[in-house]
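Asks: I have a structure here, written as structure tokens, and I will follow up with some questions on it.
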Amino acid sequence: MPSINVFIRWRPLSPSEANTPEIARTQHAHPTNNTSALSLTPPPSHKLARPWKSDPAFTHIFTANDNNKVVFETVVAPTLPRVLNGQSCNFFAYGHSGSGKSHTIIGYDFEHPDEFGLCLSAARALYGQLDQLNVGTNENERFLLGLRMYELRKNTAFDLLNDRCKCHIREGQDGKTHIRGETETFADGKVRVRPIVTKACSTFDEFHAQLLAGIGRRATGTSTVHDQSSRTHAVFEVEIVTRELLDARDAVVERQSELVPVGKRASDIYLEENLKAFIRTPDGKFAPNPDYQINQAAIDKAEAKKAEFESYVQKAEEHVEAVKRSCPHACLGGKLVFVDLAGSEYYHDKGSVSAIRAKQTPQEQQEGRQINTDLLSLKEVIRAMAQKQTRIPFRSSPLTMVLREHFLTGEGDDGFSAMILTTSPSSKQYTATIDTLKYGNLIGVAGDKVKGRK
895 MPSINVFIRW
905 RPLSPSEANT
915 PEIARTQHAH
925 PTNNTSALSL
935 TPPPSHKLAR
945 PWKSDPAFTH
955 IFTANDNNKV
965 VFETVVAPTL
975 PRVLNGQSCN
985 FFAYGHSGSG
995 KSHTIIGYDF
1005 EHPDEFGLCL
1015 SAARALYGQL
1025 DQLNVGTNEN
1035 ERFLLGLRMY
1045 ELRKNTAFDL
1055 LNDRCKCHIR
1065 EGQDGKTHIR
1075 GETETFADGK
1085 VRVRPIVTKA
1095 CSTFDEFHAQ
1105 LLAGIGRRAT
1115 GTSTVHDQSS
1125 RTHAVFEVEI
1135 VTRELLDARD
1145 AVVERQSELV
1155 PVGKRASDIY
1165 LEENLKAFIR
1175 TPDGKFAPNP
1185 DYQINQAAID
1195 KAEAKKAEFE
1205 SYVQKAEEHV
1215 EAVKRSCPHA
1225 CLGGKLVFVD
1235 LAGSEYYHDK
1245 GSVSAIRAKQ
1255 TPQEQQEGRQ
1265 INTDLLSLKE
1275 VIRAMAQKQT
1285 RIPFRSSPLT
1295 MVLREHFLTG
1305 EGDDGFSAMI
1315 LTTSPSSKQY
1325 TATIDTLKYG
1335 NLIGVAGDKV
1345 KGRK
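So the working numbering is basically just the index in the sequence shown, starting at one, shifted up by 894.
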């Protein structure tokens, strides 16, 4: 399991909160492990009688004056050498709607670099490094950034770079989670199921344009705090790729599609021959057919053809790995994953359920329940990993199924994960804020156990 660091980001009071008192809070630096604890005092009118204090679980606490550039340089920039070494780093934004999650991951000011979200800032920094590596390379070997964007709504993923194509989340025979689009059937019998689309971007401007296009396809709905809050979890994957690598991956999909009709034909012949080999007796039972001999040669021929096409798939998969191995630089396949989690208010703010339902459609109410399930599952997965349990409940929700590979990538200290808790300083949001901090405290403590900190 990769190391996990937890950060807190306080947003400024909004104009509508200008006359609202701020939550009283104090930061406590740990003397030995470079982390901090945080204590909060409830507003006088709040039903909680005692202050709350966290464990020393937070790597850094950003103030309301820290802009996106400061957050990027503190959280993401130090991980870029890992990515340029082919490793994977993951970043989650967690908090109540309106607390600044999307502002942190995506950003709303796309003209001023200091206010770029983490995803865009990371891409800009990576292009600066890749441009140097690309000197003297041909088009097929040139390093690009591949962008994948999708959102999770209930049990389904929607591809934001492919017209919101509906995709299915499945666990494959290899034990990994796969996100696949709709099945395509061709006249020659081929059946193709494409993965989430990867947009290969050769320049920062191209990446910027694709990111904005995908963001424009996100779904929104009604929430208690932020009327245009996203009602889904959004996942942004940024991978260092080459045209050669993407072509090799496409070839795997094509070989798999060619295997489908051949495999089906082999199964049909086997069933057909075995059905002919039995007859139904007068008492309704099945018995061997004395007048028919199974055509084993036909079965063997079909199975041999199936094995031949399976070997084509295997060779295509091996070619993908060969492309990676033959690359002169270790950066190929390095990946950044940014997750803009849906608003956590339903999970925390049980007191306002009636008010919420009055403003929501039945579909949005159902989505809210799924968000609760997802966030609870995420917490349980992290707890199980911290306790070194033999069974980690990744299958408990679509969110944790999708994140499974990102959590497990980087065993042996190759990977890195960070969670940014976005919090409101408004005393009116005390319940939401303290619940966000409690959630992050659990993750920070889990990260300490993984890293062996005391």
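Backbone N, C-alpha and C define an ideal beta-carbon position, used for all residues, glycine too. Note that this is a predicted model, so its numbers are computed, not measured.
1) Just to confirm my understanding: we take Phe1203, look at its own chain, exclude 5 residues before and 5 after, and list those with CB closer than 8 Å. What are they?
2) Rounded to whole angstroms, what is the Cα-Cα separation between Gln1323 and Ser1311?
3) If contact is defined by three or more beta carbon pairs under 8 Å, each pair taking one atom from either stretch, is the stretch 1252-1272 in contact with the stretch 1086-1106?
4) Quick one: using the 10 Å Cβ neighbour count with 16 as the cut-off for buried, is Glu1261 buried or exposed?
5) Using a Cβ-Cβ cut-off of 8 Å (strictly less than) and excluding sequence neighbours within five positions of Thr968, which residues of its own chain qualify?
6) How do the stretch 966-983 and the stretch 933-951 stand: do at least 3 beta-carbon pairs fall below 8 Å, yes or no?
7) Below 8 Å CB to CB, which residues in the same chain sit around Asn962 once its five sequence neighbours on both sides are set aside?
8) State the Cα-Cα distance for the pair His1223 and Leu974, rounded to the nearest angstrom.
9) Check whether the Cβ atoms of Cys1225 and Asn979 sit closer than 8 Å, and answer yes or no.
10) Report the residue from Ile1193, Met1279, Ala1145 whose alpha carbon sits nearest the alpha carbon of Glu1215.
11) For Thr1050, I'd like the list of residues in its chain whose CB is within less than 8 Å of its CB, leaving aside the five on either flank, ordered along the chain.
12) I need the boundaries of the alpha helix (DSSP H) containing Asn962, first residue and last residue.
13) Check each candidate in Arg1086, His1127, Pro906, Ile898 and name the one with the smallest Cα separation from Val1296.
14) DSSP on Leu1293, reduced to helix/strand/coil?
15) Which value, in whole angstroms, describes the spacing of the CA atoms of Glu1197 and Pro1089?
16) Is there contact here, the stretch 1128-1143 with the stretch 1024-1043, by at least three beta-carbon pairs under 8 Å?
17) Under 7 Å Cβ to Cβ from Ile1337, same chain only, skipping five residues before and after it: list those, please.
18) How about Ala987 and Leu1235: are their beta carbons less than 8 Å apart?
19) Looking only at its chain, what residues have a beta carbon closer than 6 Å to the beta carbon of Gln1257, apart from the 5 residues adjacent to it on each side?
20) So Ala958 packs on Arg905, CB below 8 Å; how close in whole Å?
21) Going by the beta-carbon positions, is the gap between Gly989 and Ser1320 smaller than 8 Å?
22) Assuming Arg1058 and Arg1111 make a contact with CB atoms under 8 Å, what is their CB distance in whole Å?
23) So which of Thr1327, Ser1318, Ile1328 has the shortest CA-CA distance to Ala912?
24) Smallest Cα separation from Lys995: which of Phe1301, Thr1079, Val1233, Thr1255?
25) Given a threshold of 16 other Cβ atoms within 10 Å of its Cβ, counted over all protein chains shown, does Ile1188 qualify as buried or as exposed?
26) What residue range does the alpha helix (DSSP H) around Ala1019 cover?
27) Do you know whose CA, among Asp1268, Ile1173, Thr1327, lies nearest Glu916's CA?
28) Can you give me the start and stop residues for the beta strand (DSSP E) that Leu1230 sits inside?
29) So what does DSSP say about Val1091, is it helix, strand or coil?
30) Taking the straight line between their C-alpha atoms, what separation do you get for Arg944 and Glu1065?
31) With a 10 Å radius around its C-beta and 16 neighbouring C-beta atoms as the bar for buried, classify His940 as buried or exposed.
32) Does the Cβ of Phe1180 have 16 or more other Cβ atoms within 10 Å, making it buried, or fewer, making it exposed?
33) Excluding the 5 residues flanking Glu1035 on each side, which residues of the same chain have their C-beta closer than 7 Å to its C-beta?
34) Mind pulling the beta strand (DSSP E) runs of 3 or more residues that sit fully within the stretch 1023-1080?
35) Going by CA-CA distance only, name the one from Gly1108, Leu1024, Thr1071, Leu1106 that's closest to Ser1096.
36) Return the chain-ordered list of same chain residues with a C-beta closer than 6 Å to the C-beta of Asp1307, the five sequence neighbours on each side being excluded.
Replies: In brief:
1) The residue labelled residue 1203 in the question sits at position 309 within the sequence shown. Non-local C-beta neighbours of Phe1203 in its own chain, meaning closer than 8 Å and more than five positions away in sequence, comprise Arg1149, Glu1152, Leu1153, Val1156, Gly1157, ordered along the chain.
2) Locating residue 1323 in the sequence shown gives position 429, where the first residue counts as 1. Locating residue 1311 in the sequence shown gives position 417, where the first residue counts as 1. Those two C-alpha atoms are separated by around 27 Å.
3) The stretch 1086-1106, when compared against the stretch 1252-1272, does not touch it at the 8 Å Cβ threshold.
4) Within the sequence shown, residue 1261 is the residue found at index 367, counting from 1. Flag for Glu1261 reads buried.
5) Taking the first residue of the sequence shown as 1, we reach residue 968 at position 74. Once the five neighbours on either side are set aside, the close Cβ partners of Thr968 are Phe901, His954, Phe956.
6) A contact is defined here as three or more CB-CB pairs under 8 Å, and the stretch 966-983 fails this definition with respect to the stretch 933-951.
7) Taking the first residue of the sequence shown as position 1, residue 962 is located at position 68. Correct list, in chain order: His997, Thr998, Gly1001, Asp1008, Glu1009, Phe1010, Gly1011, Leu1012, Ser1015.
8) Here the question's residue 1223 lines up with position 329 in the sequence shown. Here the question's residue 974 lines up with position 80 in the sequence shown. About 15 Å.
9) As a first step, residue 1225 must be located in the sequence shown, where it is residue number 331. As a first step, residue 979 must be located in the sequence shown, where it is residue number 85. Cys1225 places its beta carbon less than 8 Å from that of Asn979.
10) As a working note, residue 1215 is residue 321 in the sequence shown. The shortest C-alpha to C-alpha distance from Glu1215 to any of Ile1193, Met1279, Ala1145 is the one to Ala1145.
11) Taking the sequence shown and counting its residues from 1, the one referred to as residue 1050 is at position 156. So the qualifying residues of the chain are Lys1060, Cys1061, His1062, Ile1063, Pro1292.
12) The residue given as residue 962 occupies position 68 in the sequence shown. According to the DSSP assignment, Asn962 belongs to the alpha helix (DSSP H) that extends over 962-965.
13) Sequence index remark: in the sequence shown, residue 1296 carries index 402 (1-based). Per the Cα distances, His1127.
14) In the sequence shown, the residue the question calls residue 1293 occupies position 399. Helix.
15) Locating residue 1197 in the sequence shown gives position 303, counting from the first residue. Locating residue 1089 in the sequence shown gives position 195, counting from the first residue. Using only the alpha carbons, I get a separation of about 27 Å.
16) Short answer: they touch.
17) Mapped onto the sequence shown, residue 1337 falls at position 443. Within the same chain, Ile1337 has close Cβ partners Ile898, Val900, Ile1276, Met1313.
18) Locating residue 987 in the sequence shown gives position 93, where the first residue counts as 1. Locating residue 1235 in the sequence shown gives position 341, where the first residue counts as 1. Yes. Within cutoff.
19) Within the sequence shown, residue 1257 is the residue found at index 363, counting from 1. Taking C-beta separations shorter than 6 Å and ignoring five residues to either side along the sequence, Gln1257 has no partners in its chain.
20) Looking up residue 958 in the sequence shown gives position 64. Looking up residue 905 in the sequence shown gives position 11. Right, their Cβ atoms sit about 6 Å apart.
21) Taking the sequence shown and counting its residues from 1, the one referred to as residue 989 is at position 95. Taking the sequence shown and counting its residues from 1, the one referred to as residue 1320 is at position 426. No. Outside cutoff.
22) Position 164 of the sequence shown holds residue 1058. Position 217 of the sequence shown holds residue 1111. The Cβ separation is near 5 Å, so the contact holds.
23) Mapped onto the sequence shown, residue 912 falls at position 18. Ala912 has its Cα closest to that of Ser1318, out of Thr1327, Ser1318, Ile1328.
24) Here residue 995 corresponds to residue number 101 of the sequence shown, with the count starting at 1. Residue Val1233 holds the alpha-carbon nearest to the alpha-carbon of Lys995 among Phe1301, Thr1079, Val1233, Thr1255.
25) Indexing the sequence shown from 1 puts residue 1188 at position 294. Ile1188 is exposed by the Cβ-count criterion.
26) Working through the sequence shown from its first residue, we reach residue 1019 at position 125. For Ala1019, the enclosing alpha helix (DSSP H) has its first and last residue at 1012-1027.
27) What you label residue 916 is simply residue 22 of the sequence shown in a count that begins at 1. When only C-alpha atoms are compared, the closest one is Thr1327.
28) Position 336 of the sequence shown holds residue 1230. DSSP places Leu1230 inside the beta strand (DSSP E), whose first and last residues are 1229-1234.
29) One-based indexing of the sequence shown puts residue 1091 at position 197. Three-state DSSP puts Val1091 in coil, outside helix and strand.
30) Stepping through the sequence shown from its first residue, residue 944 is reached at position 50. Stepping through the sequence shown from its first residue, residue 1065 is reached at position 171. Rounded to whole angstroms, the gap between the alpha carbons of Arg944 and Glu1065 is 46 Å.
31) Stepping through the sequence shown from its first residue, residue 940 is reached at position 46. Exposed: under 16 other Cβ atoms inside 10 Å.
32) If you number the sequence shown from 1, residue 1180 lands on position 286. Phe1180 comes out exposed.
33) Within the sequence shown, residue 1035 is the residue found at index 141, counting from 1. Excluding positions up to five away in sequence, the list reads Thr1136, Glu1138.
34) The DSSP assignment places complete beta strand (DSSP E) segments of no fewer than 3 residues inside the stretch 1023-1080 at 1038-1047, 1050-1053, 1059-1065, 1071-1079, in order along the chain.
35) In the sequence shown, residue 1096 corresponds to position 202, counting from 1. Comparing Cα positions, the closest option is Leu1024.
36) Mapped onto the sequence shown, residue 1307 falls at position 413. Unreliable positioning characterises Asp1307 in this predicted model, as indicated by a pLDDT of 49, which lies under 50. The coordinate reading is nonetheless provided below. Once the five neighbours on either side are set aside, Asp1307 has no close Cβ partner at all.
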